[in-house]
Structure formats: structure tokens, C-alpha cells
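Protein chains in written order, with numbering that gives the first Met the number 0: chain S, 0 to 129; chain V, 0 to 129.
By construction, the Cβ of each residue, glycine as well, lies at the ideal position given by its N, Cα and C atoms.
What follows is a single structure, written as C-alpha cells, with notes after it.
2 protein chains.
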Amino acid sequence: MNIGQAAEASGVSAKMIRYYEQIGLIEPPARSHSGYRVYAEPNVHTLRFVRRARSLGFSVEETGSLLALWRDRSRASVDVKTLALKHVAELEEKAAALQAMAATLRHLASHCHGDQRPDCPILDKIGSSN
Amino acid sequence: MNIGQAAEASGVSAKMIRYYEQIGLIEPPARSHSGYRVYAEPNVHTLRFVRRARSLGFSVEETGSLLALWRDRSRASVDVKTLALKHVAELEEKAAALQAMAATLRHLASHCHGDQRPDCPILDKIGSSN
DNA sequence: CTACACCTTCCCATCATGGGAAGGTCAAGC
DNA sequence: GCTTGACCTTCCCATGATGGGAAGGTGTAG
Numbered sequence: 000m001n002i003g004q005a006a007e008a009s010g011v012s013a014k015m016i017r018y019y020e021q022i023g024l025i026e027p028p029a030r031s032h033s034g035y036r037v038y039a040e041p042n043v044h045t046l047r048f049v050r051r052a053r054s055l056g057f058s059v060e061e062t063g064s065l066l067a068l069w070r071d072r073s074r075a076s077v078d079v080k081t082l083a084l085k086h087v088a089e090l091e092e093k094a095a096a097l098q099a100m101a102a103t104l105r106h107l108a109s110h111c112h113g114d115q116r117p118d119c120p121i122l123d124k125i126g127s128s129n
Numbered sequence: 000m001n002i003g004q005a006a007e008a009s010g011v012s013a014k015m016i017r018y019y020e021q022i023g024l025i026e027p028p029a030r031s032h033s034g035y036r037v038y039a040e041p042n043v044h045t046l047r048f049v050r051r052a053r054s055l056g057f058s059v060e061e062t063g064s065l066l067a068l069w070r071d072r073s074r075a076s077v078d079v080k081t082l083a084l085k086h087v088a089e090l091e092e093k094a095a096a097l098q099a100m101a102a103t104l105r106h107l108a109s110h111c112h113g114d115q116r117p118d119c120p121i122l123d124k125i126g127s128s129n
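See the structure below:
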């Protein structure tokens with residue numbers, strides 16, 4: 000399987016596969032006689048793992064830790080759970096921050112006429128010196 | 000006022016002030032005879048506006064649009080409100096995405112013993128081929 | 001044998017921010 | 001007047017994750 004098929008099969012773009020290899024997240028695959036990267040099913044499986052971890056918001060570095068735990072058959076589940084819950088806390092913190100911004104702005108907008116007149120509490124507030 | 004004082008007074012770092020100037024978000028300030036940037040109160044006011052817009056999650060580019068509206072005394076408040084509500088929607092979308100990740104992961108973690116045994120539904124699920 | 005789809009590496013761009021080097025400036029204290 | 005230390009200048013580099021694209025090699029179908 001060439002990189003294009005591996006990308007297709009894993010949902011990770013070819014660009015990203017090369018990048019993950021370059022930074023050491025994944026193992027360099029075999030190469031064909033002409034230098035093409037050659038992937039087998041286990042590689043694709045790993046790539047899918049990476050894609051799922053990324054889609055759960057883990058950074059590439061965190062994904063590397065998860066991958067190490069995944070490959071270590073003797074890991075303690077508490078280590079995984081700890082990592083996961085720490086990440087959950089970070090995600091929720093970021094979500095809360097975004098929602099606070101949204102709430103503030105929505106509140107400001109609710110006081111704005113939204114017509115042709117120039118008066119606008121949104122700009123007034125952002126520009127106020129308080 | 001030199002850049003350090005302007006940074007102090009506005010809450011925008013000196014590095015960022017120079018950057019905002021470089022990309023054209025803010026006007027280049029006056030310069031002293033020796034080339035130091037010299038800021039007056041209106042400049043600081045603008046910097047505070049920028050800081051507040053950024054803290055509400057507006058990108059630098061969006062902040063530029065807000066700044067233009069802010070300076071345009073004849074703007075229509077509907078334009079501001081439209082921009083603001085569009086941004087609110089984006090913020091809420093991002094927040095929801097993060098919360099969905101957190102919820103998924105929290106759910107997986109709730110099924111993980113979190114002890115010394117290696118069995119871990121979190122890794123199982125991330126690594127599953129479904 | 002040609003055409004086309006694929007592969008390779010390499011460089012660049014994004015977005016917002018910080019770090020740091022090399023060198024100039026200014027004010028305070030001796 | 002001279003030194004010292006805190007400031008300022010510009011310039012380059014790094015981050016994190018991703019994509020774009022160029023230049024050139026490969027593989028296969030017709």
C-alpha cells in the first residue's frame with residue numbers, strides 16, 4: 000500500500016503521514032525499491048489511532064503518549080485514565096472560555112439596535128477605558 | 000510615552016505592538032529623534048480596544064474590521080451587530096466541538112477502572128477499527 | 001512509447017506570540 | 001565626564017498542525 004492508499008484508508012492526509020513520521024510520532028514504514036513508502040495494515044491501524052486521538056483534541060505530543068500506552072500491553076489503566084481526565088479538564092476549560100466570550104459578546108449585541116444608526120454599545124464597550 | 004509604557008498602559012506587549020504596527024493593524028506612531036516609538040493617549044486607547052477585541056476572541060483581522068467601524072463615526076450599528084453575532088456563532092460552534100470531545104472522552108474514562116490492570120476501554124475505543 | 005496519476009524531497013505560508021542577539025540611547029549616580 | 005543598567009531598535013528563529021506547490025522520479029494503462 001502506498002501513502003495515498005494509506006491516507007485514504009486511515010483518514011490521515013499523506014502530508015500529515017509524512018509529518019508524523021518526520022517528528023517521530025510514527026515509525027518510518029518500509030520503502031519500495033524506488034523509495035516509495037509502503038504501508039501494511041498495522042501501520043494503517045496506528046494511523047487511525049492517531050486520527051481518533053487527534054479528533055478527541057489530543058495534541059500530537061499527547062497522542063504520542065497515548066500511542067506509547069496503547070502499545071505497552073502492561074500499562075496500568077490508571078495512567079491512561081489520568082491522562083484522559085486531565086485532557087477532559089483542559090477541553091472543558093477551553094470550552095468554558097469560549098462560551099464566556101460568546102456570552103459577553105451576545106450580551107453586548109443584545110443592546111445594539113442593529114439598524115442604520117451609528118450608536119453601538121458593542122463598540123462603545125470594547126473601546127471604553129474601564 | 001515609549002513603547003514599554005504604552006505596553007504597560009494598554010496591556011499589549013511591546014512585541015505585539017510592533018507586530019500590530021508591522022501588519023498594518025495600527026498606525027505607525029511618531030518617532031523620537033533617536034528613532035524610539037512615541038505613543039500618546041489616543042494610541043493607547045486604540046491598543047486597549049485591540050486588546051479587548053482579541054480577548055473576546057476576534058482574530059487580528061476581525062479586530063481590524065472592528066477598528067475600522069469604531070473609527071467610522073457614520074457606521075451603521077447593524078454592521079457591527081452582524082459581525083458580532085457571526086463571531087458569537089463561531090465561538091459557540093468551537094465551544095460545542097470542544098465540549099463534545101470532552102463528553103466523549105469523559106464517557107470513555109468512566110468505563111475505565113483506573114487501577115493497575117492494563118484493560119482500558121479508552122485505548123480500546125481509540126484504537127478500534129469501527 | 002506516451003500520458004497520467006502517483007510518489008519523493010524541499011521550501012513556504014498560515015496565526016499570534018515569544019525568545020533572543022546585536023547594537024543604539026537615555027538617565028541616574030559617582 | 002564616564003559608567004551602568006534599563007530601555008529601545010531591527011532582525012531572525014521557534015512554536016503547532018496543516019496545506020500549497022515546485023521540481024523531479026516512478027509506475028501503469030493504453
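Among the options, nearest to residue i - alpha-carbon criterion
i, options, result
"A13(S)", "H32(S), R50(S), E92(S) and A88(S)", "R50(S)"
"G63(V)", "G113(V), L104(V), T45(V) and S76(V)", "T45(V)"
"H32(S)", "N1(S), E61(S), D71(S) and A5(S)", "N1(S)"
"Y35(S)", "R17(S), Q98(S) and V77(S)", "R17(S)"
"L122(V)", "A52(S), E26(S) and E20(S)", "A52(S)"
"G113(V)", "R72(S), E61(S), S76(S) and E60(S)", "S76(S)"
"Q115(S)", "L107(V), V79(V), E60(V) and A94(V)", "V79(V)"
"V59(S)", "H110(S), D118(S) and M15(S)", "M15(S)"
"L55(S)", "R105(V), S73(V) and A6(V)", "R105(V)"
"G126(V)", "A99(S), Q98(S) and S9(S)", "S9(S)"
"W146(V)", "I25(V), T103(V) and Q98(V)", "An answer regarding residue 146(V) cannot be provided, because it is not within the stretch 0 to 129 covered by chain V."
"A83(V)", "F57(V), S73(V), A6(V) and E7(V)", "F57(V)"
Backbone CA spacing between residue i and residue j [nearest angstrom]
i, j, result
"A96(V)", "V87(V)", "14 Å"
"T81(S)", "I22(S)", "25 Å"
"A108(S)", "A101(V)", "29 Å"
"A94(S)", "L66(V)", "27 Å"
"F48(V)", "R30(S)", "55 Å"
"D71(V)", "V11(S)", "46 Å"
"P120(V)", "K85(V)", "39 Å"
"A5(S)", "G3(V)", "52 Å"
"P28(S)", "P28(V)", "55 Å"
"Y19(S)", "E7(S)", "16 Å"
"R74(V)", "P117(S)", "5 Å"
"H110(V)", "K124(V)", "11 Å"
"T103(V)", "Q98(S)", "19 Å"
"E130(V)", "E61(S)", "What is shown of chain V runs 0 to 129, which leaves residue 130(V) out entirely."
Residues that DSSP places opposite residue i in a beta bridge
i, result
"R30(V)", "R36(V)"
* To do: Tell me, please, whether the stretch 31–47 of chain S touches the stretch 74–91 of chain V by the rule of three or more beta-carbon pairs shorter than 8 Å.
  => no
* Members of the stretch 84–98 of chain S that neighbour chain V once the beta carbon cut-off is set at 7 Å -> L84, H86, V87, L90, E91, K93, A94, L97 and Q98
* **Contacting positions in the stretch 99–117 of chain S - beta carbon closer than 8 Å to chain V** => M100, A101, T103, L104, R105, L107, A108, C111, H112, G113, D114, Q115, R116 and P117
* To do: Quick one: which residues of the stretch 70–83 of chain S get their C-beta closer than 7 Å to a C-beta of chain V? List them in chain order.
  => R72, S73, R74, A75, S76, V77, V79, K80 and A83
* **Interface positions of the stretch 2–30 of chain S facing chain V (Cβ-Cβ less than 8 Å), listed along the chain** => none
* To do: Could you list the residues in the stretch 42–57 of chain S with a C-beta less than 8 Å from some C-beta on chain V, going in chain order?
  => H44, R47, F48, R51, A52, S54, L55 and G56
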